[in-house]
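These notes concern the structure reproduced below.
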Amino acid sequence: MTQLQTPRLRLEPLSQQHFDALHRLNRDPVVMRHITGRPDTPQDTQDMIDRVQARWAEFGYSWWAFMRQEDGELIGCGCIQHLNRDPAGPLETGWRLRQDAWGQGYASEAARHMVGWAFATLAPEQICAVCRPENTPSSTVMERLGMQFTGTGRWYDMDCRRYDITAAQWAASAAKTRYDAEA
Numbered sequence: 013m014t015q016l017q018t019p020r021l022r023l024e025p026l027s028q029q030h031f032d033a034l035h036r037l038n039r040d041p042v043v044m045r046h047i048t049g050r051p052d053t054p055q056d057t058q059d060m061i062d063r064v065q066a067r068w069a070e071f072g073y074s075w076w077a078f079m080r081q082e083d084g085e086l087i088g089c090g091c092i093q094h095l096n097r098d099p100a101g102p103l104e105t106g107w108r109l110r111q112d113a114w115g116q117g118y119a120s121e122a123a124r125h126m127v128g129w130a131f132a133t134l135a136p137e138q139i140c141a142v143c144r145p146e147n148t149p150s151s152t153v154m155e156r157l158g159m160q161f162t163g164t165g166r167w168y169d170m171d172c173r174r175y176d177i178t179a180a181q182w183a184a185s186a187a188k189t190r191y192d193a194e195a
């Protein structure tokens, strides 16, 4: 399983050792309002870890824990996975952060490295991301990645805005230039 390094984070495949910190993140109703609309139960968090570990085994990618290098704290998590959990769907990136980590550039930093790794390693034609229309902080991160709004649809049982970036767009993006400098 692949671990990634960013200037301030270590992204490590989500595993059972992350349960307590992940559950603290996932049970925060403010964090989860745009993701599931409700806080996770302990069983929801365990089911996520089990699903993620199965995907790492099957695909070689899934969700990473975002570990802050300065103190080893789990401050969020993010993924490369198939949109809507459908293996026939395009690759998707996504993330969530603890509230105390918002507004510090961690989501953009982690997303650059997840997307950069995916294009370099998996070589997809494109990567997408989705968010609820009111989740402007996430759509801002998508735009910082060089992603373009492509429309609305229903994914994960929610109405979402979708953003895409092709391999060629990524290669020409400022986000890739920054990723190359950080990697």
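In this note's numbering, the protein residues as written are 13 to 195.
Don't be surprised by glycine CBs; every beta carbon is placed ideally from N, CA and C.
Residue state for L34 is assigned as helix, using DSSP reduced to three classes.
In this structure, the beta-carbon distance from Y191 to R110 does not fall below 8 Å. DSSP places E24 in the strand class (E or B) of the three-state scheme. Per the DSSP secondary-structure output, G106 pairs in a beta bridge with C91. In the three-state scheme derived from DSSP, where H, G and I count as helix and E and B as strand, D40 is classed as coil. Going by beta carbons, D40 and P51 fall inside the 8 Å limit. Of the residues assessed, E104 falls on the buried side of the cut-off, its CB having 16 or more other CB atoms within 10 angstroms. Here the alpha carbon of D169 sits roughly 28 Å from the alpha carbon of A135. The beta carbon of S150 sits closer than 6 Å to those of C143, all from its chain and outside the five residues before and after it, given in chain order. Check the Cα spacing between F31 and each of S74, L86, A66 and E70: the tightest is with L86. Assignment of I61 by DSSP, reduced to helix, strand and coil, places it in the helix class. Separation of D176 and Q160 (C-alpha to C-alpha, rounded to the nearest whole angstrom) is 5 Å.
Here W107 is near G88, since their CB atoms are less than 8 Å apart.
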